[in-house]
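My numbering puts the first residue of the sequence shown at 1, with every later residue one more than the last. Here a beta-carbon is modelled for each residue, glycine too, at the ideal position from N, C-alpha and C. If you're wondering where the values come from, they're calculated on a predicted model, not measured in any experiment. Please read the structure below before turning to the comments.
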Amino acid sequence: MRLPRWQRFCLIFTAVILLVWLGQGATLAYQPSIHVSPKTHPVYGTDVSAIRQSMSANSPIWYQGKKFDGYTRWYVRWRYYYRFANGECRIDPSRVFVDTEITFTMPQWQDEQRSPPAVALRWRRYINALQLHEDGHKDNGINASQAIFRTLQQYSIPSDCTDLTASANATAQAIIAQYHQADIEYDRRTGHGRTQGAVFP
């Protein structure tokens, strides 16, 4: 059946309004929030040997009895609302909130302007490689937050809501443990960044 022209126009106009509304909804939909903060420790020296000595002495980063030049810490927290209906307790997918704080701790060279160009070039290559390595840890934190967000949006248990909080939180904690293990494996695979060029000198 062929619709009159004015009815076709109304249908098209309605479809456009619906698409605009859906597009706005997609824009406004909540997503995990990511907050990145830099921290630095000072490094001094105008030659490679002095820089290495200063970096080792000034780094505040200890892990398993060893000092490291850089470190990435990520922390994920979440909250949600749930409701009981039809014999099932379900988290409201529109009311899941996940926030991730990522902190980089990196060396900051203080004497680059007073140093030979060859030393400065070597430092820049190193610090870029170190940041590349730490970004891999950052990605694990972001992936953990997104996995928790998706899981909680779909989470339900076939009972009243008495046990939902403990069950949902345990599931989220298991995801955290999974990505912490991914961090450990990432460091093992890259030698804490050595295979990526994060070595000085």
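- Between S56 and K66, the C-beta spacing is not below 8 Å.
- Under DSSP, S156 shares a beta bridge with R90.
- Taking C-alpha positions only, T40 is separated from D135 by approximately 16 Å.
- Note on geometry: alpha-carbon atoms of T162 and D139 lie some 34 Å from one another.
- In the three-state DSSP reduction, P42 falls in the strand class (E or B).
- Within the region 142 to 191, complete alpha helix (DSSP H) segments of at least 4 residues are found at 164 to 190, given in chain order.
- Secondary structure at V36: strand, using DSSP grouped into helix, strand and coil.
- Burial of G141 is indicated by the presence of at least 16 other C-beta atoms within 10 angstroms of its C-beta.
- Secondary structure of A85 (DSSP, three-state): strand.
- A distance below 8 Å separates the beta carbons of W78 and F97.
- The residue from S167, A129, G70, H35 with its alpha-carbon nearest to that of Q196 is A129.
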